[in-house]
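Reminder that position 58 of the sequence shown reads as 58 in UniProt numbering, one-by-one numbering, no gaps. C-beta atoms are modelled at their ideal positions from N, C-alpha and C, and glycine is treated no differently. Keep in mind that this is a model prediction, so the values were computed, not measured.
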Amino acid sequence: MGFLYFFETTMDFHGTNSQEHIDTCLSTYKAFTESHLGQTEGGIRQLWKIPGEHKLIGVVSVDSPGELDTLINFTLKRSLGDKISTVFTPLRPYQDFAATVGATDKTPVECAPKAGLHYLLTATVEYQGMSQEELFKIWSEEATAALDAKKSGTILDLWKVVAQRKVIVIICVDDPGDLDQISFDLPIMKKMGDQVHITCKSIRHVTEWIDELKKQIE
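As structure tokens, then:
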């Protein structure tokens, strides 16, 4: 089993012209997609662009944490030098965490992908005034609902951040208002919404962004 990490890569275009800007973007994409990580079941699992920002986000699986140094020092830095910076956050599969709080077994849940608007959600959960047992009971209901949403294709994937009460979710909806409705209907929001803090970023398929860049240099 590989080790999962969420990553956020920021590209620095200070002092570059438009062609150098495009070259940096294309080189960054190539460095990620052609990286040879995790010979067993590793590699880039997710790769997305944040619209309006010089950032890529995604999830990578490696056979050992040391492979992240290989990715940075021998793949990204060799190609791009100091033009990019990357932060990694360790993850665990959400269905594995769901089993911890008593929601389900560890059987992987497959997603049925669909077209629509994509968002990256990060939810941080507090539990002031309640016991851990009470938190786990609510989170168990939440985990069941989340994995059902993954089966339907609404949630593309989700992960638990290791050693933190934080969940990272990639979600697909038809309309921005759908995202509000989904959040209102979540068991954890209904029962302890004042202790759940959610950040939201619009994301797009990285291949769409790359295709647009390539058209600019044709």
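When rounded, the separation of the alpha-carbon atoms in GLY177 and PHE74 is 43 angstroms.
Looking from the CA of LEU135, the closest CA among GLY102, ASP180, VAL62 and GLY116 belongs to GLY102.
Nearest in C-alpha terms to ARG45, of all of GLY52, LYS151, THR33 and LYS77, is THR33. DSSP places TYR127 in the coil class of the three-state scheme, outside both helix and strand. The three-state reading of DSSP puts HIS21 in helix, counting H, G and I together. Between the C-alpha atoms of GLU212 and GLU20 there is a straight-line separation of about 15 angstroms.
The distance from the Cβ of SER27 to that of LEU80 is about 6 angstroms, consistent with a contact at the 8 angstroms cut-off. Assignment of ASP157 by DSSP, reduced to helix, strand and coil, places it in the strand class. Note on geometry: alpha-carbon atoms of ILE168 and ASP180 lie some 17 angstroms from one another.
The stretch 120 to 134 and the stretch 80 to 94 do not touch, with fewer than three beta-carbon pairs separated by less than 8 angstroms. By the CB criterion at 8 angstroms, PHE7 and GLY58 fall inside the cutoff.
Around the beta carbon of GLN216, fewer than 16 other beta carbons sit within 10 angstroms, so the residue counts as exposed. For THR89, the CB contacts under 7 angstroms within the same chain, skipping 5 residues up- and downstream, are TYR5, PHE6 and VAL161 in chain order. Under the three-state reduction of DSSP output, GLU218 falls in the coil class, being neither helix nor strand.
LEU47 is positioned such that its CB atom lies closer than 8 angstroms to that of VAL206. Only residues of its own chain outside the window of five on either side were considered, and among them ILE155 have a CB closer than 6 angstroms to the CB of ALA149, listed in chain order. Counting of Cβ neighbours within 10 angstroms places GLU53 among the exposed residues, the total staying below 16. Straight-line measurement puts the Cα of ALA146 at about 27 angstroms from the Cα of GLU208.
Here CYS111 is near GLY153, since their CB atoms are less than 8 angstroms apart.
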